[in-house]
Each structure stands twice: as structure tokens, then as C-alpha cells.
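Residue numbers (our numbering): 71 to 321. For every residue, glycine included, the Cβ atom is placed at its ideal position computed from N, Cα and C. Working notes, structure below.
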Amino acid sequence: MRTWIVAGNWKMHNTIGESITLAQAIKEGTTNIKNGEVVIAPPFTSLYSAYETIKDSQVTLAAQNMHYEDKGAFTGEIAPGMLKDIGCTYVIIGHSERRKYFHERDEDINLKVKKALAVGLKPILCVGETEDERIKDVTQSVIDRQIKKALSGVDKIDKVVIAYEPVWAIGTGKVATSIQAEEVHRFIRGILKELYGDVSKDIRILYGGSVTKDNIGELIGMENIDGALVGGASLKPDAFLGIIQQISGKK
Ligand code: PGA
Numbered sequence: 071m072r073t074w075i076v077a078g079n080w081k082m083h084n085t086i087g088e089s090i091t092l093a094q095a096i097k098e099g100t101t102n103i104k105n106g107e108v109v110i111a112p113p114f115t116s117l118y119s120a121y122e123t124i125k126d127s128q129v130t131l132a133a134q135n136m137h138y139e140d141k142g143a144f145t146g147e148i149a150p151g152m153l154k155d156i157g158c159t160y161v162i163i164g165h166s167e168r169r170k171y172f173h174e175r176d177e178d179i180n181l182k183v184k185k186a187l188a189v190g191l192k193p194i195l196c197v198g199e200t201e202d203e204r205i206k207d208v209t210q211s212v213i214d215r216q217i218k219k220a221l222s223g224v225d226k227i228d229k230v231v232i233a234y235e236p237v238w239a240i241g242t243g244k245v246a247t248s249i250q251a252e253e254v255h256r257f258i259r260g261i262l263k264e265l266y267g268d269v270s271k272d273i274r275i276l277y278g279g280s281v282t283k284d285n286i287g288e289l290i291g292m293e294n295i296d297g298a299l300v301g302g303a304s305l306k307p308d309a310f311l312g313i314i315q316q317i318s319g320k321k
């Protein structure tokens with residue numbers, strides 16, 4: 071049985087004060103949730119205050135990125151152990167914005183996934199094709215490469231969450247149709263089955279890309295969509311809680 075997850079990726083938004091206010095509203099709005107998990111991913115500077123706000127609640131904490139080394143001379147980077155120490159349960163890895171603007175390669179992402187698992191963090195591994203790749207009809211080969219490279223040598227697959235985020239749908243308002251999304255989610259589950267056998271049935275695959283409370287209902291009705299990774303709509307309590315309500319009502 072897969073339990074649903076809704077994760078809010080706050081990206082580079084919110085001061086400490088704003089983060090506490092938002093985390094508090096999410097905590098108060100999720101006291102009755104069952105069979106699922108709510109995760110928030112504030113920026114690094116707000117992680118500790120967010121943790122203090124949600125620590126005795128149903129909500130758990132994620133970081134948006136990490137380095138794959140334990141420590142060292144990597145100015146500006148954050149080590150996996152630091153994220154554990156600050157109260158993170160999850161870490162988002164390989165988000166398309168990191169791949170695009172910070173040139174993260176599949177090889178780096180693989181090192182990060184392995185290191186996250188080694189220190190006891192659960193990776194939310196992001197994959198997805200660009201608009202150009204979809205037009206060229208290479209979506210499946212792109213996803214196949216991203217997943218196989220990211221998971222190379224990874225054995226604790228039950229701790230990994232996959233997020234399918236078509237790059238053309240992120241922050242654009244152009245959400246994938248439920249049929250388009252389910253097609254890729256089913257394809258991903260097939261790759262996981264090839265790699266890990268029956269355990270693949272238990273791995274959560276989230277959809278991300280312009281999710282709102284108005285479009286999540288249809289997406290979440292699909293068999294292989296187990297939740298959502300939400301950007302823009304995770305910054306407003308009503309919008310985010312509305313998504314959580316829809317998902318918890320349908321899964
Ligand atoms: P969006 O972002 O919901 O604003 O499209 C999703 C994401 O980047 O995780």
C-alpha cells in the first residue's frame with residue numbers, strides 16, 4: 071500500500087518570519103490528516119525555524135538540495151549531515167532548476183541520492199523532460215536515463231520518492247493532463263520494476279508542475295500518481311491546504 075505525499079517546494083522564497091507563519095498555518099491545517107504525509111521544503115535559512123514550528127506535528131521537513139560530500143572546502147554548500155542535524159527527513163535532489171541553472175548532471179545526482187540515503191535522509195528524486203524533448207518524442211528515453219543513472223548502485227529504494235516534473239509544466243501554468251502524467255508515471259513504475267522487482271509497487275511517484283487545488287483532483291485519480299510536489303501553490307496556506315484536502319480525500 072502506497073501512502074500519499076504532498077511536498078511544498080518553497081524555492082527561494084520566505085524570510086524566517088514568513089516561513090514560521092506559513093509553517094504554522096500548514097501545521098494547523100493538517101492536524102487531521104490520515105494515510106499520508108505533508109512535507110515542506112523551506113530555503114536553508116528557514117529550515118531551523120520551520121523545524122521548531124512543525125516538530126510536534128504531522129508535517130515533516132525537507133531541504134531543497136545538498137552536497138554529496140560529508141564536509142570540506144566547498145564554500146557555499148551544505149552537507150547532508152547538517153540537514154539531518156537541523157531536523158530534515160527528506161531532501162529534494164535533482165530538481166530541474168538545479169539541473170538547468172547549476173549544471174547538475176546525472177552523475178552528481180546519483181552521488182547525492184546515495185549520500186542522502188547513507189546519512190538517513192529520504193531523497194525526493196526529480197526527473198522530467200523539457201518541452202523540446204517532448205516535442206522530439208524522446209520523453210521516455212530521457213526519463214529512463216535520468217532514473218537509471220540517478221539510482222545506479224542504490225539499494226534502499228523503499229526510502230526513495232520519485233517526482234515526475236515535466237520541465238515545461240514547472241511554474242508555467244501548463245499542467246500535464248492526467249493522461250499524459252499517468253503515462254509517464256506508469257513508465258517510471260515499469261523502470262523501477264525492471265530495477266527492483268516487486269518492491270516497485272510500494273515506491274511513491276509524485277507529480278509536479280503547476281499543480282493547484284483546481285487541477286490536482288483529476289491527476290490524483292490516476293493509479294500511479296501518489297501525490298504532488300508543489301511549487302507556487304505551496305506558498306499560500308489556502309492553496310496548499312486545498313491540494314492536501316483533495317489528495318487525502320481521494321487516496
Ligand atoms: P510549480 O513548481 O508548482 O510552481 O510549477 C513545481 C516544482 O518546481 O517543484
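Asked: Counting only the same chain and skipping the five closest in sequence on each side, list residues whose C-beta sits under 6 angstroms from that of A188.; Found: none
Asked: Would I369 be called buried (16 or more neighbouring beta carbons within 10 Å of its own) or exposed?; Found: What the structure shows of the chain is the stretch from 71 to 321, and residue 369 is not part of that stretch, so it cannot be assessed.
Asked: Is any heavy atom of the ligand PGA found at a distance shorter than 7 angstroms from the C-beta of S89?; Found: no
Asked: So, do the segment 290-301 and the segment 229-245 have three or more beta carbon pairs nearer to each other than 8 angstroms?; Found: yes
Asked: Counting Cβ pairs, one atom from each stretch, are 3 or more of them under 8 angstroms apart for the segment 90-98 and the segment 178-192?; Found: no
Asked: Check the C-beta distance from I286 over to V230 and give it rounded, since I have them as a contact under 8 angstroms.; Found: No, I286 and V230 are not in contact; Cβ-Cβ is about 22 angstroms, not under 8 angstroms.
Asked: Would A143 be called buried (16 or more neighbouring beta carbons within 10 Å of its own) or exposed?; Found: exposed
Asked: State yes or no: is the C-beta of S248 nearer than 7 angstroms to some heavy atom of the ligand PGA?; Found: no
Asked: Can you tell me where the beta strand (DSSP E) with P193 in it begins and where it stops?; Found: K192 to V197
Asked: So what's A143 in DSSP terms, helix, strand or just coil?; Found: coil
Asked: Expressed to the nearest angstrom, what Euclidean distance is found between the alpha-carbon atoms of S89 and T282?; Found: 20 angstroms
Asked: Quick check: I75 and V109, are their CB atoms within less than 8 angstroms of each other?; Found: yes
Asked: Is the beta carbon of I194 sitting closer than 8 angstroms to the one on A120?; Found: no
Asked: If contacts are defined as beta-carbon pairs under 8 angstroms, then C158 and L221 qualify, I think. What distance do you get, rounded to the angstrom?; Found: No, C158 and L221 are not in contact; Cβ-Cβ is about 21 angstroms, not under 8 angstroms.
Asked: Classify E107 as helix, strand or coil using the three-state DSSP reduction.; Found: strand
Asked: Do Y138 and K206 have their C-beta atoms closer together than 8 angstroms?; Found: no
Asked: Tell me where the beta strand (DSSP E) around G297 begins and ends.; Found: G297 to V300
Asked: Name, in chain order, the residues that DSSP records as bridge partners for I232.; Found: L195 and I275
Asked: Restricting to Cα atoms, I'd like to know which of I217, G260 and Y277 is closest to V245.; Found: Y277
Asked: Three-state secondary structure (DSSP) at L305?; Found: coil
Asked: Please find out if some non-hydrogen atom of the ligand PGA comes closer than 7 angstroms to the beta-carbon of A303.; Found: yes
Asked: Between which two residues does the alpha helix (DSSP H) holding L92 run?; Found: I86 to G99
Asked: Can you find the residues in the same chain that come closer than 6 angstroms, C-beta to C-beta, to S71, ignoring five residues on each side of it along the sequence?; Found: Reading the sequence as shown, one finds Met at residue 71 and not Ser. Hits under 6 angstroms: none found.
Asked: Considering only heavy atoms of the ligand PGA, does any lie closer than 7 angstroms to the CB of I232?; Found: no
Asked: Can you tell me whether DSSP reads G78 as helix, strand or coil?; Found: strand
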